[in-house]
Amino acid sequence: MNTTYDAEDFVWHFVGASELKALITGGIYKRKRPMNSKLEDLVVSGITMVNLDLQEGFLSVNIHVPNLLIDTPSGQDNTLPNHARLKQLTNVASSILKEVWSEDGQIHFEIQSQTVFEEQETNSHFTNIRLSFYSVNI
175 MNTTYDAEDF VWHFVGASEL KALITGGIYK RKRPMNSKLE DLVVSGITMV NLDLQEGFLS
235 VNIHVPNLLI DTPSGQDNTL PNHARLKQLT NVASSILKEV WSEDGQIHFE IQSQTVFEEQ
295 ETNSHFTNIR LSFYSVNI
C-alpha cells in the first residue's frame with residue numbers, strides 16, 4: 175500500500191526534476207514551507223489515500239508568491255497579489271502536472287482543481303493545485 179508520504183515523495187521528486195525548480199526563487203518542500211520565507215516556494219502535501227486495489231488519493235501542490243510592494247499616497251502597500259507571477263507559475267505547473275504516469279504504469283496523477291488563496295501572515299498569495307493520485311495496489 176502506498177501512503178500519503180509515498181505519494182508526496184513521488185510528486186516532490188517529479189516537480190523537483192521539472193522546469194518549475196529553476197523558475198521559482200525559493201525551494202520545493204514537503205508538507206510545509208520554511209517559516210518567514212520571503213521567496214517563491216512550492217509545497218507538496220498529501221491529503222488522503224484509500225487502501226483499495228486501485229488506490230486513490232489527493233494531494234495539494236501550493237505555489238507561494240510574495241505580494242507586490244507598491245507605493246501609494248498613504249505609504250507602501252504589500253497586500254496585493256503578484257497576479258502576473260502567480261499566473262505564470264500556475265500555467266507552467268498546470269502544463270507539467272496535467273497528466274503524469276510513472277514509467278511502470280503503476281502510478282498516475284492529474285489535476286483535479288486549481289484556486290488561489292491569500293496568506294496574510296506572510297504577505298503572500300498561493301495557488302493551490304489539487305491532484306488526484308492513483309496507484310495500483312495489487
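For the sequence shown, the working numbering gives the first residue as 175, with consecutive numbering after it. Backbone N, C-alpha and C fix where the C-beta goes; we use that ideal spot for every residue, glycine too.
About 5 Å separates the Cβ atoms of Q280 and V310, confirming a contact at the 8 Å cut-off. Distance from the CA of L194 to the CA of R207, rounded to the nearest whole angstrom, comes to 16 Å.
Only buried fits H238, as 16 or more other CB atoms lie within 10 angstroms of its CB. Setting aside the 5 residues that flank it on each side, F188 is surrounded in the same chain by V274, each with a C-beta closer than 7 Å to its C-beta; the list follows chain order.
Judged by DSSP secondary structure, D215 falls within the beta strand (DSSP E) whose first and last residues are 215 to 223. Per DSSP, reduced to three states, the secondary structure at N311 is coil, with no helix or strand assignment. L242 and A191 have their C-alpha atoms some 28 Å from each other.
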